[in-house]
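Per our numbering, residue 3 is the first one in the sequence shown, and the count goes up by one each step. Before any comments, here is the structure.
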Amino acid sequence: MDYCKYHPLSGATYFCAQCQLHVCDKCTDDDAAHRGAIHCIHCSAPMEELVSANSFVPFWRRLQEAFKYPMNSSTISLIIGTALLSAIAIKLYWIFTLVLGLIAAGAILKYSFRCLEKTAEGEMSAPDITDAYEGGIILLLQLIILTVILSASVAASAYFLGVTAGGIVGFLAIVCFPAMLIRFAQTASFFEALNPVAAIGLITTIGLPYGLLMGFILIMMSSVAVLQEMINAVFPAGTYFLQSIVSNYYYIVIFHIMGYMLFQYQRELGFVARASHEDDEDTRTDIDRILARMDVSLKEGHYENLVNLYHKAFKQFPLEKQFFDKYFDLIYFCKKSALMEDFALTYLHFTLQQKRFDRLTVIYKQILVVAPDYIPNNPAMRLQLADLHKQKGDLKLAVKLLNGMHKLYPDFVELVKAYELLTECLELMPKMEVQAEKCRRLIDQIKSKQKENAEAQAQVAKEAKTEQTKEKKLSNSVFELVPLDKPKATTPPESTQNPKDLPLIEFKL
């Protein structure tokens, strides 16, 4: 089984022949521009889809899912129903006990084999219980005959070849028995299940995981015995009924795991199955695709490309919290002081917008680890951080943030508030009375200067308003044209020369 290069616990589902790379679904480029085709996240070449067995982890890493496998209403009803039938049968006449016992055991055994078959085909949900009602007794009798033949082989070996040979044959029979059951479910042939060569071939094909399966089966059998003893001690009246429920449940789990092993090693065993999950996977979003590229770039060590991806994500998703958090963590753990100084104020502003006030002081101290001399170049942020650090009791850091703001930001609206906070911090610090008094005098100067500036601005605004009023009156004024007196009639001179200048037209207001 091949595993994803970037997620070693996940089976590979795609292969890039150009990069010689096995990856899982998360590490592929499935952008809509590719029209449904899956491309390599590195070279953008089309990828080859692998058989679905690669998409599943080994059975020992999914035991939790295996124990949840029978947890549905129909399967639970079958487990309880067969257990109840067995409990009732034990109280009846022996012939009825035998018949009802065979029916109950045959039903649960037939259903268990059906679970093995369906799991081997890639169906990870329990099948319908209607399959348990047909052919269960015949199957049970076949398994009884199989067990009798194996026991007779062990006894014959011990009788004719000695106790040591009998022990070896018995050990082989125990080891091969699960493989025989798997072969029986796979081929539905009694004689194929009895073939020791086929059973040994299946064991060697699977390899070490088969030994883990054997160990797990032994553990489960031991736990069944322990549970039965506990049930007998706590509920003696319903011992047989409760013990049957436990045994039936464990039967289904064990056969499901054996079927899963067949599914996992389908390629080696010569068949191909497609997985069928109960829930379809969610469609990947653009955020998922960018995160996948970031994950691959980080694990490949392509840090420059990773930074570019984060900058692209900030523009495309300006409100996506995880991009900001992940980028800050990257800079922090990589100790990139230049990148930290560039990004720190942006991240502080984003955290403040998210109203994550409890995180601001922690983030600022992380920033100081990477960039020890960093102070935000923003008066409002400095005041906010200083106030939070004062509340946390970190007075020195609050003083450091507030000190010198009257020189750097003389026009800051809340400058008085900032120095009042600075005064409070100095008053709480030992041997800082002189500095606190200087700070109070500075506050008075700032207030006086702000008052003068406010009066000056008010005077300028008043003069501007007066000027606007004058201009408005002037724009509303009406000009009248005053006609000239008519000139008296005189004899024109004989000269034909034109007059030099005409008199100007005057406007009277």
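All C-beta atoms in this analysis are idealised placements derived from N, C-alpha and C, irrespective of residue type, glycine included.
Can you tell me whether residue i is buried or exposed? The criterion is at least 16 other CB atoms within 10 Å of its CB, across all chains shown.
i    : result
N250 : buried
H313 : exposed
V255 : buried
I92  : exposed
I147 : exposed
L163 : exposed
K112 : buried
A156 : In the sequence as displayed, the identity of residue 156 is Val instead of Ala. By the neighbour-count rule (16 or more Cβ atoms within 10 Å), V156 is buried.
C45  : exposed
F345 : buried
T468 : exposed
I221 : exposed
V199 : exposed
A154 : exposed
A55  : Because the pLDDT at A55 is just 49, under 50, the model does not fix this residue reliably, and the value given afterwards should be weighed accordingly. Per the 10 Å Cβ criterion, buried.
R384 : buried
L100 : exposed
L65  : exposed
Measure the C-alpha to C-alpha separation of residue i and residue j and round it to an integer number of angstroms.
i    : j    : result
D33  : R291 : 8 angstroms
K337 : V372 : 5 angstroms
M73  : M216 : 24 angstroms
E439 : E422 : 11 angstroms
P48  : C18  : 7 angstroms
D130 : A89  : 24 angstroms
L141 : G108 : 7 angstroms
L410 : N455 : 17 angstroms
Y262 : R295 : 32 angstroms
S278 : E123 : Low confidence applies here, because S278 scores a pLDDT of 48, under 50, leaving its location unreliable and the question unanswered by this model.
Y5   : P211 : 16 angstroms
N234 : S114 : 26 angstroms
L347 : N379 : 8 angstroms
E280 : I40  : For E280, the predicted structure reports a pLDDT of 38, less than 50, and the residue's modelled location is therefore unreliable. The matter cannot be settled from this model.
V165 : Q188 : 34 angstroms
I170 : Y161 : 13 angstroms
A460 : F352 : 36 angstroms
E416 : D327 : 30 angstroms
L321 : D288 : 14 angstroms
L11  : L424 : 54 angstroms
R286 : V25  : 16 angstroms
L356 : M342 : First, the amino acid is wrong: residue 356 is Gln here, not Leu. Looking at the two C-alpha atoms, the distance is approximately 20 angstroms.
Going by beta carbon distance, what residues of the same chain come within less than 6 angstroms of residue i, once the five residues before and after it are set aside?
i    : result
C178 : A201
A400 : A388, H391, K392, C427
Y329 : Y312
C117 : I254, F257, H258
F243 : A85, A89
R229 : The question names Arg, but residue 229 is Leu in the sequence shown. Excluding residues within five positions, the ones whose Cβ falls inside 6 angstroms are V248.
I believe residue i touches residue j by the beta-carbon criterion, under 8 angstroms. Please report the beta-carbon distance rounded to the nearest angstrom.
i    : j    : result
V298 : I43  : 6 angstroms
F61  : Q268 : That pair is no contact at about 13 angstroms.
L183 : M260 : 7 angstroms
Y376 : I369 : 6 angstroms
Is residue i near the ligand SAH, going by C-beta to nearest heavy atom under 7 angstroms?
i    : result
Q245 : Among the components of this structure there are no ligands whatsoever, and the ligand SAH is therefore not found.
Could you name the residues of the same chain whose beta carbon sits closer than 8 angstroms to that of residue i, not counting the 5 residues immediately before and after it, in chain order?
i    : result
T84  : A106, A107, A109, I110, S246, N250
L23  : K7, F17, C42, H44
F192 : Q144, I147, L148, F186
Go through its chain and collect everything with a Cβ distance to residue i's Cβ below 7 angstroms, but skip five positions before and after it.
i    : result
F325 : Y312, A315, F316, F319
K502 : Any answer about K502 is weak, because its pLDDT of 40 lies below 50 and its placement is not dependable; what the coordinates show is given next. Result list for K502: empty, nothing under 7 angstroms.
A128 : Y71, P72, N74, T77, C117
T121 : H258, G261, Y262, F265
G103 : S88, A91
Checklist entry - Which ranges does the alpha helix (DSSP H) cover as unbroken runs of at least 4 residues, wholly within the segment 201-237, from first to last along the chain? => result 210-236
Next on the checklist: Just to confirm the assignment: which complete beta strand (DSSP E) runs, minimum length 3, are found wholly within the segment 158-187?
Outcome noted: none
Item to check | Segments assigned alpha helix (DSSP H), at least 4 residues, entirely inside the segment 285-310 | outcome: Whole alpha helix (DSSP H) segments, 4+ residues: 288-302.
Next on the checklist: To test your reading of the DSSP string, which unbroken alpha helix (DSSP H) runs of 4 or more residues are found completely within the segment 310-352?
Outcome noted: 323-336
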